[in-house]
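The structure appears below as structure tokens.
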């Protein structure tokens, strides 16, 4: 599998005691995006995925460093994409390390690298052999608002590395 582009918007709900002063908390939410085109040996074999919903849950810490904060996270994430002849599900661990800035009142912005470890990939009606690069790196940017102990974030993630897997039994994909 070639992961050329991953676009994920995260809608994250997080709860933590004394969130504005730092602390630890849990997070859960929905993501929306696609996993990109699928190729083998440099040739695209399935393209133009439909974006679909997935989910994530995990933990985070927030450490105030004066006017900015550091927010490391660890999440279990499931991404879904639909193709004309199949569906792809990717399960991974995400570990973003975000640097944020409180803009005004409860509004904050953040960005940082996201390190991912792919746990499992399932392509409907196709056998995927081992993913060559189980570790990948992305970049997240976003904006959020804190209301008491509840935080809501909207994020965009761009994959910075590619992943490939070997396909077998491609004949089941409508002649591919």
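In the numbering used here, the protein residues as written are 2 to 177.
Here a beta-carbon is modelled for each residue, glycine too, at the ideal position from N, C-alpha and C.
- Residue pairing from DSSP places residue 145 in a beta bridge opposite 109, 154.
- In the three-state reduction of the DSSP assignment, residue 162 falls in the coil class, being assigned neither a helical nor a strand state.
- Residue 91 holds the alpha-carbon nearest to the alpha-carbon of residue 82 among 75, 162, 66, 91.
- Between residue 57 and residue 33, the CB-CB gap reaches or exceeds 8 Å.
- Residue 87 and residue 116 have their C-alpha atoms roughly 27 Å apart.
- For residue 76, the uninterrupted beta strand (DSSP E) segment begins and ends at 69-83.
- Between residue 110 and residue 155, the C-beta spacing is not below 8 Å.
- Take the alpha-carbon of residue 118 and the one of residue 59: they are about 14 Å apart.
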